[in-house]
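The block underneath contains the structure these notes are about, expressed in structure tokens.
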Amino acid sequence: MPSLFEFANPKKFMDLSGVLLPWLVAATALTMAAGLLLGFSTPPDYQQGDTVRIMFVHVPAAWVAMMAYGVMTVASIFGLVNRHPLADIAARAAAPIGAVFTALGLITGSLWGRPMWGAWWVWDGRLTSFLLLLLIYLAYIALNDAIENETRAARASAVFAIVGAVNLPIIEFSVQWWTTLHQGESILRKGGPTIAPVFLWPLFLMALGYTFLFFVFWTIRIRSEILNRRARTLLEMRAG
Amino acid sequence: MNARKRRRIAFVVSLLLGGAAAAVLVVSALQDNVLYFYSPSDVYAKKVSAGTAFRIGGLVQKHSVKHDSGMTMKFVVTDGARSVPVEYKGDVPSLFREGQGVVAIGRLDGAGLFQADQVLAKHDEKYMPPEVVDALKRSGEWQKGQ
């Protein structure tokens, strides 16, 4: 049986990802188009009216922001344990994308909070821990860029990423542990989701679309970093 | 698995455990300080003194909203067990309504009346179209057990 690590060979990764990327782009476009179409055709919410549609762009952004951090953490663990350059590249490549999704979650949440809660921002447990996620991403990127040696940069930032992963359960459970202005969990709760199926469908489609979009960006960033390093090696060989 | 790899895995596990331990310490040290608001029961239990700024949260008691002259309004925040009267001058968010969640920011005066500087609406985690709510109300399933 071929092991997963066979694809950790940069050459094999370039071949496979080159074939997969167009399909991934198509899947992103399809799910997002379907999600938006459904999202605009649902009836309004009984309390929030049409404002509820912000959920379809806000919640998936927050989910994918956290998923991206999970991906980055797993890649960091493989980088530390297996010492594979591709894992280092994969972890580093996920950070800016995750940061952008986190910012998107903060911005869309703010736009939703103003009309519904009456405030752009409050310092409750959910919002504060999510802002912390953005700061952790930015600190990771800064740390990774600050160390010139690629391998040492990867080691140091992997350690940082793994320790920072502790914020993920804090974000998830903040609405249970503390009283917050942010509402509680709607989907993963006892007794099933408290979101009507007409809203769940566009939400899941958009979540799928955002997830595909993350993998599109991630693949492109890993590929360009591999090519970058190849070009650098060639230049060094010519110069040497 | 060679010894070096085992040592690296132990290092990763120690990182995860260290991070988790730090988080548990911080979260437990923060305790009540991370609560965004107190419920009316908390206000009584903690004997919050007059003049101390805090946030109170609960449901706007049904039939309690009264508009005085001008912009001043009064309503009662309740958590089912205890309730606290609130006075507020200003606009309320569009989701503010009787029977709905609310968070008011301000302080108690000497008479036990909460003087709010700001009122925020807190909505719950339920999302559904109006027709579904109507259907639930017709069948008597709406807000059952609340």
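Chain order of the listed sequences is A and B. Sequential numbering of the first sequence, starting at 1, is according to the working numbering. Sequential numbering of the second sequence, starting at 1001, is according to the working numbering. No residue lacks a Cβ here, since even glycine has one placed at the ideal position from N, Cα and C.
Within 7 angstroms, strictly: CB atoms of residue i and residue j
i	j	result
P1040(B)	R1107(B)	no
F130(A)	I171(A)	yes
I195(A)	T73(A)	no
V1048(B)	Q1061(B)	no
G35(A)	L1120(B)	no
S76(A)	A61(A)	no
P44(A)	D50(A)	yes
I1105(B)	V81(A)	no
I64(A)	F101(A)	Before going on, a small fix: residue 64(A) reads as Val here, not Ile. Contact: yes.
S17(A)	R223(A)	yes
Residue from the options whose Cα sits closest to the Cα of residue i
i	options	result
A1053(B)	D1091(B), Y1127(B), Q1031(B) and Q1115(B)	Q1115(B)
K1089(B)	H1067(B), Q1100(B) and V1076(B)	H1067(B)
L168(A)	L235(A), G98(A) and L20(A)	G98(A)
S1064(B)	D1124(B), S1028(B) and F1096(B)	F1096(B)
R1055(B)	T1072(B), Y1044(B), V1013(B) and Y1036(B)	Y1036(B)
R152(A)	R230(A), P85(A) and T180(A)	P85(A)
T233(A)	Y140(A), E150(A), Q47(A) and A65(A)	E150(A)
T128(A)	A139(A), S174(A), G164(A) and A87(A)	S174(A)
T1078(B)	E1131(B), H1123(B), Q1100(B) and Y1127(B)	Q1100(B)
F1011(B)	D88(A), G79(A), W112(A) and F212(A)	G79(A)
S1126(B)	Y69(A), V25(A), Y137(A) and P197(A)	This sequence places Lys at residue 1126(B); Ser is not what is there. The candidate whose alpha carbon is nearest that of K1126(B) is P197(A).
Residue i Cβ short of 6 angstroms to the ligand ZN heavy atom set
i	result
F160(A)	Annotation note on the ligand ZN: not contained in the displayed structure, which lists no ligands.
N- and C-terminal bounds of the beta strand (DSSP E) containing residue i
i	result
G1106(B)	G1101 to L1108
M1073(B)	T1072 to T1078
L1056(B)	Looking at the sequence shown, residue 1056(B) is not Leu but Ile. Taken as a continuous stretch (DSSP letters only), the beta strand (DSSP E) holding I1056(B) covers A1053 to V1060.
L1083(B)	At residue 1083(B) the sequence reads Ser, which differs from the Leu that was named. That run of the beta strand (DSSP E) goes S1083 to K1089.
Start-to-end residues for the alpha helix (DSSP H) that takes in residue i
i	result
K1005(B)	A1003 to L1030
Q176(A)	N167 to W177
L132(A)	G125 to A146
K1126(B)	Segment: none, K1126(B) is in no alpha helix (DSSP H) and carries neither H nor E.
P193(A)	Here P193(A) belongs to no alpha helix (DSSP H), and DSSP marks it neither H nor E.
D15(A)	P10 to S41
N1160(B)	Here chain B has residues from 1001 to 1146 only, and residue 1160(B) is not among them.
A1045(B)	P1040 to K1046
E150(A)	E150 to G164
S76(A)	M55 to N82
Using a beta-carbon distance cut-off of less than 9 angstroms, what residues from the region 1079–1095 of chain B approach chain A?
D1091, V1092, P1093, S1094 and L1095
Quick one, which residues of the region 92–121 of chain A are near chain E if we go by CB-CB under 8 angstroms, in chain order?
Among the chains of the structure shown, chain E does not appear; the protein chains present are A and B.
Under 8 angstroms: do the region 153–160 of chain A and the region 101–109 of chain A share three or more Cβ pairs, one atom per stretch?
no
Answer yes if the region 53–63 of chain A comes into contact with the region 194–211 of chain A, meaning at least three C-beta pairs across the two stretches below 8 angstroms, and no otherwise.
yes
Inspect the CB distances between the region 174–192 of chain A and the region 25–37 of chain A and report whether three or more fall short of 8 angstroms.
no
With 7 angstroms as the C-beta to C-beta threshold (strictly closer), list the residues of the region 199–213 of chain A near chain B in chain order.
F199
What residues from the region 67–95 of chain A come within 7 angstroms of chain B, judged by C-beta to C-beta, listed N to C?
I77, L80 and V81
Contact residues within the region 176–199 of chain A, judged by C-beta distance below 8 angstroms to chain B
W177, W178, T179, T180, L181, Q183, G184, E185, S186, R189, T194, I195, A196, V198 and F199
Would you check if the region 215–225 of chain A and the region 35–44 of chain A touch, i.e. whether three or more CB-CB distances between them fall below 8 angstroms?
no
Could you name the residues of the region 132–157 of chain A whose beta carbon sits closer than 9 angstroms to any beta carbon of chain B, in the order they occur along the chain?
none
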